[in-house]
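Report on the following structure.
There are 4 protein chains.
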Amino acid sequence: MQLSRNRVEALTDGVFAVAMTLLVLDIKVPELQPPLDISQLSGRLLDLWPKFLSYMISFVILGVYWVGHHFQLSFIRKVDRPLVWINLLFLLWVVLVPFSTALLSEYPMTQIAITVYGLNLIAIGVTLAGHWWYATVETRHVDADIHPALVRGALLRTLMAPSVYVVAIAVSFVRPELSLFLYALVPVLYILPGRIDVHWGRRRQSN
Amino acid sequence: MQLSRNRVEALTDGVFAVAMTLLVLDIKVPELQPPLDISQLSGRLLDLWPKFLSYMISFVILGVYWVGHHFQLSFIRKVDRPLVWINLLFLLWVVLVPFSTALLSEYPMTQIAITVYGLNLIAIGVTLAGHWWYATVETRHVDADIHPALVRGALLRTLMAPSVYVVAIAVSFVRPELSLFLYALVPVLYILPGRIDVHWGRRRQSN
Amino acid sequence: MQLSRNRVEALTDGVFAVAMTLLVLDIKVPELQPPLDISQLSGRLLDLWPKFLSYMISFVILGVYWVGHHFQLSFIRKVDRPLVWINLLFLLWVVLVPFSTALLSEYPMTQIAITVYGLNLIAIGVTLAGHWWYATVETRHVDADIHPALVRGALLRTLMAPSVYVVAIAVSFVRPELSLFLYALVPVLYILPGRIDVHWGRRRQSN
Amino acid sequence: MQLSRNRVEALTDGVFAVAMTLLVLDIKVPELQPPLDISQLSGRLLDLWPKFLSYMISFVILGVYWVGHHFQLSFIRKVDRPLVWINLLFLLWVVLVPFSTALLSEYPMTQIAITVYGLNLIAIGVTLAGHWWYATVETRHVDADIHPALVRGALLRTLMAPSVYVVAIAVSFVRPELSLFLYALVPVLYILPGRIDVHWGRRRQSN
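Sequence lines, in order, name chains A, B, C and D. Just so you know, we're using this note's numbering here: the first sequence kicks off at 1 and counts up by one. Just so you know, we're using this note's numbering here: the second sequence kicks off at 1001 and counts up by one. Just so you know, we're using this note's numbering here: the third sequence kicks off at 2001 and counts up by one. Just so you know, we're using this note's numbering here: the fourth sequence kicks off at 3001 and counts up by one.
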């Protein structure tokens, strides 16, 4: 095969690295108005907490998707044009995260901002699930002896986040603060080791 | 050979990752004027649609060029100083895409903005074609047994986009909206698998 | 093992490259007010010295942490989910350095800015130490024959910086300029070859 | 050796990719004042020519240094702590190029801006020469059978640029436009194949 997995990984890692780092550009150093009263600085810094919180949630969510992509690619043996383009679509949504994060941190209790942020995350998750589905259907791009339970388990695990985000958007019409809690909750579900890691453990020696 | 293909790929992947991600900096979170009327936010977000559309077109066009570069490098066996410099010229034009995209999204129906955007894309495409020509002439940098039809087919395929962009620029004097349609059309032509993928398929086992 | 060390390194190197380069965005070209008096430019450039100094200190401190991460990964043989997440937490703090540097360079003699900068560096250092501790405890992720003195030495060396930063924050309440001196001093301690390099030297042939 | 050449290359390629791409942030889309007269746009774009020219010169100069670094690393067999730190110092100067380029493009005929830009380039070149000197003295980090003429030739070639920049700074006191010409000239000298490529050619088969 001419298309190499290495370069797809390199572009993906680069886009994630830049997107994760651009998140910080939304946290601006407070500018004090003259007459300069330096004692205001602490208060102004504390006012930045929604920015810091959004930064951390988005960074960790990007981390979850990066680990998910990493996990998928570790099983993929060959890359073709459609798979590269599904990957590029995935990155297209990833790059929008600094925008939707800045929107959410600017208007944290606003239904429309919560919806835009959620739709962005749903687009990422669904595309990543589609990437896995395309790669594994008829085991075209993976080892032929991959266990069907692993294929199915990883798909469901990937679709878990978008499902919660759909609920978070629905909830935002009545309780926006609950939506934010759900956004912060999702990464926790993924960071905790799951049943998928057992399969991982079993396959450990084969790689 | 002292110059390594790996580092040329690493720099190229890095530049593409950053350029693709910088595109999002042009999409700014709307700032509402006080007195704050949060209901305006939806409308202000919808007003951003030319920014989102330009973002997506440029991201996908950069994706097309990245896949094209990826394709070329998969055949190139050695890298010399002139080839590295053609590659750097290619990247010089790639880095300008966030600027020409921002210009087009700010003035989408303006002939001069359409022209600048088109010239930027033509420069990328022609340089990438030159890169392939230089690498394959007398099969200096590729395998000696590469099929002449593949060499010629890839060259024509690479020159297809700049040709359409020349038409788009010409058309912009009378129908700017048609030019924008042509810009959005080009990536579709490239994402659809073409005859080149058949050659790819044939060579699959050799790599 | 499915998770690859290479991709963890690639993401880390990418984040460090972007964070190091974003530091320069805080150094703005002086804008002269009309009537334009170009002779003012030298003075205005000299006024930027706290920006340049902060830039250099932060760049070198990030360099120290990058070398430290590089050093750890050179001993780590396998990567699991918790280790990847400790690494992502490490990067989460690294990405904040452009912010805390901009804060410090804007308010260099202010106790709260010195504290925020110090806390950021402490978070990086403690997470990096935790990364090493998790990787080496019961030699789970490293070679079983790694010398206990190396494990312990590297841990203490990593914890040296956060310890100095705690002192720097304490000192900032009475002598902020001394805190800045301590921040500038720490990288010097790490750049000088230490006892750890002897172990390095000994192991040189094994890799 | 524990420190790997790969990661030094990855960080370097990443920093170059970001620095090259950040250069474009200095080229801002013209904002027309209302009443909007779109016919002014062409003129406003043409006014950007010093920005475009500075962008291109700096991009190509960074390309020259990247190729030079690439060339050196291709001979270096092992990396130790001092070499990593010389490399980080080299990157510290590279990251400043977007700043000094923005300064020069804002004040192109100003002696102080020409000097700052030149000093930045001299710092990069001298550090890169020091990197080569440190790596090759007593052939510590390179193959023992490297030809002394190659060692010396590469050193002189690397020092050529800083020498011209010293002249350019001196000249800027009387003829600033001549300094700019010298800045634009230097990359041309490096892009043209030199005697060093003969050695390259000779060694081609060994790698």
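Heads up, the beta-carbon is just placed ideally off N, CA and C, and yes, glycines get one too. Keep in mind that this is a model prediction, so the values were computed, not measured.
Neighbour-count burial assignment, residue i, 16 or more Cβ in a 10 Å radius
i, result
"D/D3037", "exposed"
"B/P1098", "buried"
"B/Q1072", "buried"
"A/P35", "exposed"
"A/L185", "exposed"
"C/A2170", "exposed"
"D/G3068", "buried"
"A/S54", "buried"
"A/D13", "buried"
"D/L3178", "exposed"
"B/P1163", "Reading the sequence as shown, one finds Ser at residue 1163 of chain B and not Pro. B/S1163 comes out exposed."
"A/A161", "buried"
"A/L192", "exposed"
"B/R1175", "exposed"
"A/V188", "exposed"
"D/A3144", "exposed"
Residue i at chain C interface by Cβ criterion, 9 angstroms
i, result
"D/L3155", "no"
"D/A3149", "no"
"A/H70", "yes"
"D/W3200", "Because D/W3200 sits at a pLDDT of 49, beneath the cut-off of 50, its placement in the model cannot be relied upon, and the point is left open."
"D/V3095", "yes"
"A/S4", "no"
"D/Y3055", "no"
C-beta neighbour in chain D for residue i, strict 9 angstroms
i, result
"B/P1098", "yes"
"C/V2018", "yes"
"C/E2009", "yes"
"B/V1174", "no"
"C/Y2065", "no"
"B/Y1134", "no"
"B/T1110", "yes"
"C/V2024", "yes"
8 angstroms contact criterion, which residue i and residue j should meet: CB distance rounded
i, j, result
"D/Y3190", "D/L3121", "Their Cβ separation, rounded to whole angstroms, is 12 angstroms, which puts D/Y3190 and D/L3121 out of contact at 8 angstroms."
"A/M20", "C/V2095", "6 angstroms"
"D/L3062", "D/F3016", "6 angstroms"
"B/S1100", "B/V1084", "Contact doesn't hold; Cβ gap of about 25 angstroms is too wide."
"B/W1066", "A/L11", "7 angstroms"
"D/L3103", "B/I1112", "D/L3103 to B/I1112, Cβ: 28 angstroms. No contact."
"A/Y134", "A/I86", "6 angstroms"
"D/I3076", "D/V3167", "The Cβ separation is near 30 angstroms, so there is no contact."
"A/E9", "C/R2007", "6 angstroms"
"A/L182", "A/P108", "About 14 angstroms; that fails the 8 angstroms criterion."
"B/V1060", "A/V18", "Wrong, their Cβ atoms sit about 18 angstroms apart, outside the cutoff."
Below-9 angstroms beta-carbon distance, residue i vs any chain B residue
i, result
"D/L3121", "no"
"D/S3074", "yes"
"D/S3021", "Sequence check: residue 3021 of chain D is Thr here, not Ser. Output row for D/T3021: interface = yes."
"D/V3142", "no"
"A/L62", "no"
"A/D218", "Here chain A covers residues 1 to 207 and nothing more, so residue 218 of chain A does not appear."
"D/F3059", "yes"
Residue-chain proximity (residue i, chain A), Cβ-Cβ < 9 angstroms
i, result
"C/R2081", "yes"
"B/D1037", "no"
"B/S1042", "yes"
"B/I1191", "yes"
"C/Y2107", "yes"
"B/V1029", "yes"
"C/A2113", "yes"
Residue i: CB within 8 angstroms of a non-hydrogen atom of the ligand FMN
i, result
"B/L1023", "This structure does not include the ligand FMN; it has no bound ligands of any sort."
Three or more C-beta pairs under 8 angstroms: does that hold for the stretch 2027-2039 of chain C against the stretch 2141-2152 of chain C? no
With three or more C-beta pairs closer than 8 angstroms as the rule, is the stretch 3040-3049 of chain D touching the stretch 3124-3143 of chain D? no
Suppose only complete runs of 4+ residues qualify. What are the alpha helix (DSSP H) ranges in the stretch 1114-1197 of chain B, listed by chain order? 1148-1172 and 1176-1191
Kindly provide the ranges of any alpha helix (DSSP H) runs that are 4 or more residues long and lie completely inside the stretch 2051-2076 of chain C, ordered along the chain. Listed in chain order, nothing qualifies, since the stretch 2051-2076 of chain C has no complete alpha helix (DSSP H) run of 4 or more residues.
Are there three or more Cβ pairs, one per stretch, closer than 8 angstroms when the stretch 2065-2081 of chain C is compared with the stretch 2003-2013 of chain C? yes
Could you tell me whether the stretch 1085-1095 of chain B touches the stretch 1153-1164 of chain B, using the rule of 3 or more Cβ pairs below 8 angstroms? no
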